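The sequence shown begins at 4 in my numbering and counts up one residue at a time.
Following: one structure in structure tokens, then a few remarks.
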Amino acid sequence: MGNDTNVTWHDHQVSRDKRESLNGHKGCVVWLTGLSASGKSTIANVLDHKLYQMGMRSMVLDGDNVRHSLNAGPGMLVDTHGETFAKRFGLGFAAIDREENIRRIGAVAQLFSQAGVIALTAFISPYRADRDRIRKNLEPNEFIEVFVNTPIELCEARDPKGLYKKARAGEIKGFTGIDDPYEPPAAPELVLETADKTAEALADEVIVHLRERGILPA
Ligand SMILES: Nc1ncnc2c1ncn2[C@@H]1O[C@H](COP(=O)(O)OP(=O)(O)OP(=O)(O)O)[C@@H](O)[C@H]1O
Ligand SMILES: [Mg+2]
Numbered sequence: 004m005g006n007d008t009n010v011t012w013h014d015h016q017v018s019r020d021k022r023e024s025l026n027g028h029k030g031c032v033v034w035l036t037g038l039s040a041s042g043k044s045t046i047a048n049v050l051d052h053k054l055y056q057m058g059m060r061s062m063v064l065d066g067d068n069v070r071h072s073l074n075a076g077p078g079m080l081v082d083t084h085g086e087t088f089a090k091r092f093g094l095g096f097a098a099i100d101r102e103e104n105i106r107r108i109g110a111v112a113q114l115f116s117q118a119g120v121i122a123l124t125a126f127i128s129p130y131r132a133d134r135d136r137i138r139k140n141l142e143p144n145e146f147i148e149v150f151v152n153t154p155i156e157l158c159e160a161r162d163p164k165g166l167y168k169k170a171r172a173g174e175i176k177g178f179t180g181i182d183d184p185y186e187p188p189a190a191p192e193l194v195l196e197t198a199d200k201t202a203e204a205l206a207d208e209v210i211v212h213l214r215e216r217g218i219l220p221a
């Protein structure tokens, strides 16, 4: 296993409780999961804005701010780090890469949460096992799984990035909901039934839920 067993875990001087009382709310991970174009990014951003206006500390983790940095692909790493490095650590879209993508996001979201921040993640995260692994690493009441339940017909009709069209035409392989499964959460903390509701109203549903759980003050 190499030298990683020699790494000791230091006790932190500033406790989680202290950080949370400074912020006036608890840290947690609000994990939005759902099909492409279901509304995850939209809801996360509206929610982030609302929380900011309420004086709460939150942070959105989303595809673009992660796939370009923490989880950059080989193509982005090759110029700066060389072929071998890029091949080894760059993430693509194969099953194992997707799993690692979600694992790293979960680890970063956990750090935010431990810092007393409300981490809002907006990834399709189609596999139940990947999400459950993150849940297992977190404390009870720290992982708030939110199923953004938008019928696939509606997602496909929206198709803002033209991805469903490409997947139907066979130009994208392994597209969630078309030729790759989406596994809905078995017991999510919250289900957002999005059809006929604004992102604004859906973000409010999450806020109510966070209050009920005692994550946000009453
Ligand atoms: N509640 C809503 N009502 C109507 N339209 C919405 C709603 N939420 C999002 N949309 C629209 O649906 C489209 C997809 O939303 P969004 O980009 O948030 O989806 P996503 O789940 O983040 O998708 P992806 O996984 O591809 O990033 C956007 O054009 C957005 O404006
Ligand atoms: Mg998105």
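Note that beta-carbon positions come from the ideal geometry of N, C-alpha and C, so glycine has one too.
A quick note: this is a predicted structure, and the numbers were derived from the prediction, not measured.
- Per the Cβ contact rule, the region 49-68 is in contact with the region 119-127 (3 or more Cβ pairs under 8 Å).
- Taken from the Cβ of lysine 43, at least one heavy atom of ligand 2 lies inside 6 Å.
- Residue pairing by DSSP puts phenylalanine 150 in a beta bridge opposite Thr36, Val194.
- Rounded to whole angstroms, the separation of the alpha carbons of asparagine 144 and leucine 50 is 19 Å.
- The region 70-154 is shown to contain whole beta strand (DSSP E) runs of 3 or more residues at 121-125, 146-152, in chain order.
- Counted as a single uninterrupted DSSP element, the stretch harbouring serine 61 is not any alpha helix (DSSP H) but the beta strand (DSSP E) occupying residues 61-65.
- With a beta-carbon spacing of about 6 Å, proline 187 and phenylalanine 150 fall inside the 8 Å limit used to define contacts.
- Setting aside the 5 residues that flank it on each side, serine 116 is surrounded in the same chain by Gly30, Cys31, Val32, Ala122, Leu141, Glu145, each with a C-beta closer than 8 Å to its C-beta; the list follows chain order.
- When the beta-carbon positions are compared, leucine 38 and tyrosine 185 come within less than 7 Å of each other.
- In this structure, alanine 206 has its CB at a distance of at least 6 Å from all heavy atoms of ligand 2.
- DSSP places threonine 8 in the helix class (H, G or I) of the three-state scheme.
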